[in-house]
């Protein structure tokens, strides 16, 4: 970026611009374009110096003056502090807006080969179809599609399309601000008259409305019209939208305050609205609010989210405390029934009038369930359940007969204390004929519990009740989701007296049926609401220069049975009335009055009054005051809030009248110097619920008083820093009174500096202490004192020969215990293989291995989360460094410099740790090796380093590689750890023009430890060498002969045989590569592998030592043929074969793939 600006600076306008200016303490904008820094000159005042702030494009002076001065300067051809973009980033997440910024803009590229020509339409992408077959596997097919196109179909109609289908069974990670979706299809046709038709994956979102709010990711079509309703009238613009689609998910708005822990940044699990424990969030559908403020997703911003596990983790930019409030709006996968969504809207302007109507309907097809099998008995049960989901509980026992490699149960009677219980017991043999899905319903409510076994799946066992009280948490039943229907229609009108004054009215009608199988409880399905009001958006105020007066008056009524589609009020609307959101249905009447004057955000006076009546929950008022005033260098900002609400609550199991009061104040006074800003902030937030009869405080939503002092620099383009200190006292109700309970001290420091073109530093640091004033006992909690922070540093040294990038973040989080299972997938598409080592035909977890052979990659390892978390300190360390000699050394006359210029190196080091050790050194030093094994809950450490000599010289070169990886995971059955270390050396040398010699040497160490799977404990040390000689008589033919010798041994003694397993592998091979430029590429090889092995077979150690082969003589061969067929078609044929020692037949695998380029 700095190089770019420097280049532009050289091209800046050479002509000086001069202007006479008067002194101003606030600063002076000399031009509408950015100034060339260093070009500012003051002609008639030699002692006066100008200070230019590029972020505000203003000039300040080092001292005041009375007469005007002549300032001359040069400008850049643009304004640096103005946002400039080719595509608005907001448009990338919106398939409904294509007016100005469509998704795709194609750059001019040279013509390339394509399967068919489409003049006028630019396109890019490919279509791939593949087929696989083998004598040890079933036939499988795969496909991938990636197509983008844009252009004119006719003179009046254009097309825009993105079609992507990668067959990826999971969603993208939520650690970036923008999301790259794997599977997405949409096509849009646009007419120059203003109409658009979009089909495929689109987003339905509401038009401006008081009551109807929604945001839906759907698959369907959306038709839009923009037109003049009355062509003879200029002010008669109309917009109409109609859409119909199938829903991908369901909306939910969830508070997770009960999960939050002091100083713990996460992860936090997002449950479903009905308490569903494991859901999948639709990518890019979430909005996260912290204390009412919308957060931004991304590793460099506020939070990251795991969509597949519905887990959110907060970054060091925000501080999570026990008083934090987090609400998340999202869509989650809920495809129990095919859900059809219909939406329509019409907005029309006619002179000063605006009329509009909106319609939304989502209906589950009760006759077309997805993934559900409902019997007639199930449907009858749902018909009697009404709107109560607890009554929709049916048996999950399915009599399927014996199926190999599945978790099955048998039914048997068990006698306990003279009573016979029919129970289901896990049966891995042929007696298992029942497939059961268990539902967790809570401790001491079920008769089954989770059993720890090596079976590939979760196994449950029956546990006898004690004194009639169940001892388990699971039941062999399932809750059947009911098909629902939701509908809303709104109509409204607005009249604009002027451009600023408007009156409006809107009426809404809602309908919700929670169970379309049942007619019971339907009397509350329909509801109404209306809102009328007047808004003045800023009329000129004649008594104040630059001021405008504002006004907003409204009256809203919601019927008791009115239910919105999605949340239509602010996040903390109900909380500000001191009520909890519940399902009680009562009428709601709200009055709002707001008036004020405003010049800008630093100069305003706004007063607001609200009155609300909602049954016995709310009968009260609110008053709000917002004052801001700038006087010279002083800035005063105050915000006040006052609320009184009379309620009836349950107190000691009896209704009692209570008074809820809320007093909130925030005042900020800052002194703005040209170098820094010094300020003080005082805030209080006092809520209390008092029983009127006894005058005793029984609850509080928030009650604290806080003092904050801060210091930060003035706006600067190069360096920004700030530091603040907060002292806060929190009160809690005890014995009917509010007592000061906690004292917290928080220090925050931030720095973002670019020292020059080669150095950039970012720092975030937070130190927080908690002191319990009512409990003087010692507290060893991890979060009594909490430190978290992050450092980002990028640096270049020695003419950019050395480049260094460092990121280090530390905080307190949680580690989740996980389970895992292996799921069978299409042949060749997995990562693991199953080998029945004990010959019992039952899949055990210790019989799955990382597959070496392609045709054996039939399983994937899937981690399943639990609800068991352990608090831990978290470290994230990422360091990358690259080194090369300066370019000038290559042509130097100094022999040492010429020799050193042949060296280059790259190193990367990544460490992610979660530990419980409170030792300062172990907590904050990411590469500490003093941590006890039991204190290290999980770790992922990867070090890769490569040293090159003569890297770009084709004649000879040397490469040294080092890699080390360490991984440890916390599972429900204990820890699982893997450590791998590898050293490699490669020497290459050209022998004349047609021969090339290369030799590779490696030393490896693989250590695996498992607390639960004892057969997975081993330490394999290996050494190997691989020389090869290549013969290349012409550019199209290359023949390679190679030999590989490997020595491997396990240093852990086998308990059963009391031996140390070892293997000696000798491999002889020939490879032929034939390439006809642009048309054909063929690679053929054959290998003979001789293995001498000592040790036990059919276990994890033998699989690693033998590399998935057998002792004796083994053969491998393969052919890879890529053929260009012309006109954008490419054919790929792959054949693999192998024959292990003593095998009766060889194993053959063939794959064919054809790719069409668009």
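Numbering (our numbering), first residue to last: 720 to 1877. By construction, the Cβ of each residue, glycine as well, lies at the ideal position given by its N, Cα and C atoms.
In chain order, what residues of the same chain have a beta carbon less than 6 Å from the beta carbon of residue i, not counting five sequence neighbours either side?
i            : result
residue 992  : 971
residue 1523 : 1514 and 1600
residue 1744 : 1720 and 1764
residue 1429 : 1398 and 1443
residue 728  : For residue 728, the pLDDT reaches just 38, beneath the cut-off of 50, and the residue's location in the model is therefore unreliable, leaving the point undetermined.
residue 1080 : 1061 and 1206
residue 1341 : 1329 and 1362
residue 1030 : 986 and 988
Going by beta-carbon coordinates alone, are residue i and residue j separated by less than 9 Å?
i            : j            : result
residue 1590 : residue 1040 : no
residue 1527 : residue 1597 : yes
residue 1868 : residue 1814 : no
residue 1234 : residue 1099 : no
residue 769  : residue 762  : no
residue 1075 : residue 928  : yes
residue 1357 : residue 1345 : yes
residue 1004 : residue 934  : yes
residue 1874 : residue 1203 : no
residue 1058 : residue 1083 : yes
residue 1173 : residue 1145 : no
residue 1572 : residue 1543 : no
residue 939  : residue 913  : no
residue 1820 : residue 1780 : yes
residue 1112 : residue 1197 : yes
residue 1663 : residue 1627 : yes
Looking only at its own chain, which residues have a Cβ that is under 7 Å from the Cβ of residue i, when we skip the five neighbours before and after it?
i            : result
residue 1710 : 1716
residue 1728 : 1696 and 1736
residue 829  : Low per-residue confidence applies at residue 829: pLDDT is 45, beneath 50, and the placement is therefore not dependable, though the value from the model is reported in the following sentence. No residues qualify anywhere along the chain.
residue 1580 : 1539, 1541, 1550 and 1551
residue 1215 : 1071 and 1221
Quick one: what's got a C-beta closer than 8 Å to residue i's C-beta in the same chain, skipping five residues either side?
i            : result
residue 1378 : 1363, 1364, 1365, 1366, 1408, 1409 and 1411
residue 1394 : 1432 and 1433
residue 1160 : 1192, 1193 and 1194
residue 743  : none
So what does residue i bridge to, in DSSP terms?
i            : result
residue 945  : 958
residue 1379 : 1364 and 1408
residue 1685 : 1660 and 1698
residue 972  : 1048
residue 910  : 876
residue 1749 : 1715 and 1759
residue 1644 : BP columns for residue 1644 are empty, so no partner.
residue 1471 : 1439 and 1481
residue 1080 : 1061 and 1206
residue 1524 : 1513 and 1599
residue 1415 : 1410
Going by the C-beta, is residue i closer than 8 Å to any heavy atom of the ligand SAM?
i            : result
residue 1734 : Because no ligand of any kind appears in the structure shown, any question about the ligand SAM cannot be addressed here.
Contact defined as beta carbons within less than 8 Å: I believe residue i pairs with residue j. What is the distance between those atoms, to the nearest angstrom?
i            : j            : result
residue 1406 : residue 1440 : The Cβ separation is near 35 Å, so there is no contact.
residue 1642 : residue 1532 : Not quite, the Cβ-Cβ distance comes to about 12 Å (not below 8 Å), so this is no contact.
residue 1795 : residue 1755 : 6 Å
residue 1534 : residue 1656 : 4 Å
residue 936  : residue 967  : 5 Å
residue 1155 : residue 1115 : 6 Å
residue 1818 : residue 1860 : Wrong, their Cβ atoms sit about 18 Å apart, outside the cutoff.
Any C-beta of chain C sitting closer than 9 Å to the C-beta of residue i?
i           : result
residue 768 : Looking for chain C here will not work: only one protein chain is present.
message: What ranges does the beta strand (DSSP E) occupy inside the region 1005-1056, keeping only unbroken runs of at least 3 residues that lie completely in it?
response: 1006-1009, 1022-1025, 1030-1033 and 1045-1052, all fully within the region 1005-1056.
- prompt: In chain order, which beta strand (DSSP E) runs of at least 3 residues are fully inside the region 1259-1288?
  reply: 1267-1277
- request: Can you check the region 1097-1178 for any beta strand (DSSP E) of at least 3 residues that lies completely inside it and give the ranges in chain order?
  value: The region 1097-1178 is shown to contain whole beta strand (DSSP E) runs of 3 or more residues at 1112-1114, 1116-1118, 1128-1135, 1138-1145, 1153-1155 and 1167-1170, in chain order.
message: What ranges does the alpha helix (DSSP H) occupy inside the region 1759-1841, keeping only unbroken runs of at least 4 residues that lie completely in it?
response: Segments of the alpha helix (DSSP H) lying fully in the region 1759-1841: 1819-1825.
- request: At 4 residues or longer, and completely inside the region 979-1005: list those alpha helix (DSSP H) runs for me, N to C.
  value: none
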